[in-house]
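Anchor point for the sequence shown: position 169 equals 258 in our numbering, and the numbering is continuous, going up by one each time. All C-beta atoms in this analysis are idealised placements derived from N, C-alpha and C, irrespective of residue type, glycine included.
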Amino acid sequence: MLTMNQIDEVKELQRQGYGPLEIAARLGIDRKTATKYMRADDFSSHAMRRKVAPSKLDRWKPRIDRWLEEDRTMRFKQRHTAKRIHQRLREEHPGDYDCSYPLVQRYVKLCKAQRRETSGYLELVWAPGEAQGDFGEAELIEAGVRRSVKYLTLSFPNSNAGYLQTFGGETAECVAQGLQDIFHHIGGVPSRVVFDNASGVGRRVRDRVMLAELFLRFKCHYGFSVSFCNPASGHEKGHVENKIGYLRRNFFVPIPVVESLARWNEQLLELCEDDFHRAHYKKGLTIAELFAQERRRFAALPAKGFIVERLSSVHTDGYGKFCIDGRHWYSSAPELGWAEVVIGIQAHSILVYRHDGELLCSHRRIYGEERSDSSDYLTSLEMLARKPGAWLNSGLRATLDEPTRQALDALGRTDLRRVLAVLAKSSTTFGFDVALASLEEALRRGVLDDYSVQAVSARLAFDGLQAAPDCGPDLGIYDRAFMIDEGGGQ
Numbered sequence: 090m091l092t093m094n095q096i097d098e099v100k101e102l103q104r105q106g107y108g109p110l111e112i113a114a115r116l117g118i119d120r121k122t123a124t125k126y127m128r129a130d131d132f133s134s135h136a137m138r139r140k141v142a143p144s145k146l147d148r149w150k151p152r153i154d155r156w157l158e159e160d161r162t163m164r165f166k167q168r169h170t171a172k173r174i175h176q177r178l179r180e181e182h183p184g185d186y187d188c189s190y191p192l193v194q195r196y197v198k199l200c201k202a203q204r205r206e207t208s209g210y211l212e213l214v215w216a217p218g219e220a221q222g223d224f225g226e227a228e229l230i231e232a233g234v235r236r237s238v239k240y241l242t243l244s245f246p247n248s249n250a251g252y253l254q255t256f257g258g259e260t261a262e263c264v265a266q267g268l269q270d271i272f273h274h275i276g277g278v279p280s281r282v283v284f285d286n287a288s289g290v291g292r293r294v295r296d297r298v299m300l301a302e303l304f305l306r307f308k309c310h311y312g313f314s315v316s317f318c319n320p321a322s323g324h325e326k327g328h329v330e331n332k333i334g335y336l337r338r339n340f341f342v343p344i345p346v347v348e349s350l351a352r353w354n355e356q357l358l359e360l361c362e363d364d365f366h367r368a369h370y371k372k373g374l375t376i377a378e379l380f381a382q383e384r385r386r387f388a389a390l391p392a393k394g395f396i397v398e399r400l401s402s403v404h405t406d407g408y409g410k411f412c413i414d415g416r417h418w419y420s421s422a423p424e425l426g427w428a429e430v431v432i433g434i435q436a437h438s439i440l441v442y443r444h445d446g447e448l449l450c451s452h453r454r455i456y457g458e459e460r461s462d463s464s465d466y467l468t469s470l471e472m473l474a475r476k477p478g479a480w481l482n483s484g485l486r487a488t489l490d491e492p493t494r495q496a497l498d499a500l501g502r503t504d505l506r507r508v509l510a511v512l513a514k515s516s517t518t519f520g521f522d523v524a525l526a527s528l529e530e531a532l533r534r535g536v537l538d539d540y541s542v543q544a545v546s547a548r549l550a551f552d553g554l555q556a557a558p559d560c561g562p563d564l565g566i567y568d569r570a571f572m573i574d575e576g577g578g579q
């Protein structure tokens, strides 16, 4: 269809005496189009409105519309194409459906174009299945230490539901891990998540947001859209701002005492849903009822899992340590000094990998502005077992209590090497904390032989020192079976 400026050019050339072929050549349009507008004699608004002729597809359009609407909750690879719609109509209505494939193709193309044009919503009018995300800040006591944490809040304005997950920072790993845990808990993926500026997922360069690679991969994997508020436009995400304050007042007052953030995050998902039983502030239903309806609009979870981890190559110093974020140091292994190692950066952990891809050691990830130094004493133990002469100046010795330190200092070189080797072996099997506790218990009992330390480690790991060990299977059944003769007697 020509614009009015083009139509005016056609009529002007017509008035000058040009025919349809010459007009078509001059304006670069089809001859039939030139003829059509040369014959037109009514250019009022209603006359220029395109008339829609009846189509054989009209009776099938409601069904096609329903399928396309259902596709919005499906993953991209499982949505209807025009070809699949055509095939399905032929299969389900043989002898009744008589439309051509190009007819279906044009209609599906038109529907998708209209959906793209009308897919936007006013920022304060939220469709079911859309969410807002942002971070809040609060304090808690983790493992006996009071610290400041960030909590990712994901709110659903349509139902007023909201979830939170706590982290040490606002990195892309934290955002992706928090969203992943929430998605899998609710059993679906929102169609769109709106963030404030580029909170943790990237950085804004003028009017453009550059997403972090990890978050881009996460976004593609789960198949949701992302948009950002304009700078200095907090009103565009007013729902999540209110939810952040509500969750702070209800979950961080009084200051919570937790063992670890990762373990508390699992409990928070259930605690948030306990709050859904209150009534929505204006819709007359509970938040739980509204969110149950909203869940139907979520896309399905991907079939394959996603590891929220950013791999990076780092260089170690002479002690096998490397630095993250410019201030936090972590150990790899002493023999990896002045080397390049591959690490996995996660929301709660820093993993160190061997050259073959096997896990060497892991650290709790440290956040904050102050310098920190984290060591994995399992790798130090293996080196100390080979070089016991370094014991008196080792970092491991400095972490032990005074009685344990004095007992090990009193050992000769051979006995110290043997005890450290046993401790390293127990650490590999049961973990460093269990191995260290078993060493302290063995020293208290006055036994430092290999079997005693390993036996105490096993008791600590499985039954506990105060609990009676598991009796195991009844082996008397074999005695009774062998003692019965063929005649049934003893």
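| Item | Value |
| --- | --- |
| Same chain only: Cβ atoms within 7 Å of Gly-565, ignoring 5 sequence neighbours per side | none |
| In DSSP terms, what Glu-424 is bridged to | Glu-424 is not bridged to any residue. |
| Classification of Arg-115 by the beta-carbon crowding that lies within 10 angstroms, buried from 16 upward | exposed |
| Secondary structure, beta strand (DSSP E): runs of 3+ residues fully inside the segment 228-313 | 234-245, 250-256, 281-284, 291-294, 297-300 |
| For Gly-565, three-class secondary structure by DSSP | helix |
| Exposure of Cys-309, with buried meaning 16 or more beta-carbon neighbours within 10 Å | exposed |
| Rounded separation between Lys-150 and Glu-330 - CA only | 42 Å |
| DSSP three-state assignment for Leu-500, whether helix, strand or coil | coil |
| Distance between beta carbons of Glu-383 and Phe-245, contact taken as under 8 Å | 6 Å |
| Simplified DSSP assignment, three categories, for Arg-460 | coil |
| Rounded C-alpha distance that separates Asp-216 from His-417 | One detail in the question is off: residue 216 reads as Ala in this sequence, not Asp. Each residue's alpha carbon lies about 43 Å from the other. |
| Buried or exposed (CB count within 10 angstroms, at least 16 for buried), Arg-155 | exposed |
| Whole-angstrom distance between His-274 and Ile-344, CA atom to CA atom | 25 Å |
| Any C-beta of chain D under 7 Å from that of Lys-198 | The question asks about chain D, but that chain is absent: this structure has only one protein chain. |
| Nearest residue (CA-CA) to Leu-532, options Tyr-196, His-328, Gly-276, Leu-489 | Leu-489 |
| Straight-line Cα distance separating Arg-367 from Leu-374 | 9 Å |
| Contacts around Glu-226, its chain only, beta-carbon distance under 8 Å, and the 5 residues preceding and following it disregarded | Ser-237, Val-238, Lys-239, Tyr-240 |
| Residue(s) in a DSSP beta bridge with Phe-317 | Phe-284 |
| Closest residue to Ala-381 among Gln-95, Gly-184, Ala-261, Gly-276 (Cα-Cα distance) | Gly-276 |
| Test item: CB-CB of Gly-218 and Phe-387 under 7 Å | yes |
| For Val-430 and Glu-262, believed in contact at Cβ under 8 Å, the rounded distance | Not really, about 19 Å apart at Cβ, beyond 8 Å. |
| Burial state of Thr-255, where buried means 16 or more other Cβ atoms lie within 10 Å | buried |
| Buried/exposed call for Ala-129, threshold 16 Cβ in 10 Å | exposed |
| Residue from Ile-230, Ile-118, Asp-406, Asp-97 whose Cα sits closest to the Cα of Val-342 | Ile-230 |
| Nearest candidate by alpha-carbon position, reference Glu-530, set Ala-113, Leu-243, Pro-492 | Pro-492 |
| Spatial distance of Gly-106 from Leu-199 (CA atoms) | 39 Å |
| Contacts around Ala-171, its chain only, beta-carbon distance under 6 Å, and the 5 residues preceding and following it disregarded | Val-193, Gln-194, Val-197 |
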